[in-house]
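**Q** For the sequence shown, the residue numbers in the numbering used here are 12 to 100. Glycine included, each C-beta is placed from N, C-alpha and C at the ideal position. Quantities reported herein were computed from a predicted structural model and do not represent experimental measurements.
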Amino acid sequence: MEVGRLLQGQVSEKQFQCLLRFTKFNSEKKIDALRAYLVSGYHMAFAYTSNDLSAQKFHEALAVLNEKWSIHQDLIDATNELSSCGQHR
Numbered sequence: 012m013e014v015g016r017l018l019q020g021q022v023s024e025k026q027f028q029c030l031l032r033f034t035k036f037n038s039e040k041k042i043d044a045l046r047a048y049l050v051s052g053y054h055m056a057f058a059y060t061s062n063d064l065s066a067q068k069f070h071e072a073l074a075v076l077n078e079k080w081s082i083h084q085d086l087i088d089a090t091n092e093l094s095s096c097g098q099h100r
C-alpha cells in the first residue's frame, strides 16, 4: 500500500476498523461506502451510490481516513527511528 494514501481494495477489514476508531463517523452509509471501496475494492462511484451517499460526503470521509492513515504511518516511522537509534521512552 502506498504510504500516505489509502488505495482501493488494499485495506484489510482489521485496518479499516482501527482507522474508524480515530474518527467520529457514525453514519452506517458512510462507513459502508468506505468499506466497499477500501476493503472490498468496488469502484468509487459504485461504493457511494450503492450506499446512498453523495460524492462530496464520500470524498470528505475518504480525506479524513487518508489523514488518519498518514498520521499513523508517521507515528510508525518515528517509532522505528527511535528503535534503530536505541532510544526508547
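What would DSSP say about LYS79, mapped onto helix, strand or coil?
**A** On the sequence shown, position 68 is the one that residue 79 refers to. Helix at LYS79.
**Q** Compute every distance between the C-beta of LEU64 and the non-hydrogen atoms of the ligand MG, then say whether any falls below 7 Å.
**A** Ligands displayed in this structure: none; no statement on the ligand MG is therefore possible.
**Q** Alpha carbon to alpha carbon, what distance is there between LYS35 and VAL50?
**A** Within the sequence shown, residue 50 is the residue found at index 39, counting from 1. Within the sequence shown, residue 35 is the residue found at index 24, counting from 1. Taking the straight line joining both Cα atoms gives about 19 Å.
**Q** By the three-class DSSP mapping on this structure, what secondary structure does PHE33 have?
**A** Locating residue 33 in the sequence shown gives position 22, counting from the first residue. Coil.
**Q** With a cut-off of 8 Å, do at least 3 Cβ pairs link the segment 79-88 to the segment 16-36?
**A** Output reads yes: the segment 16-36 touches the segment 79-88.
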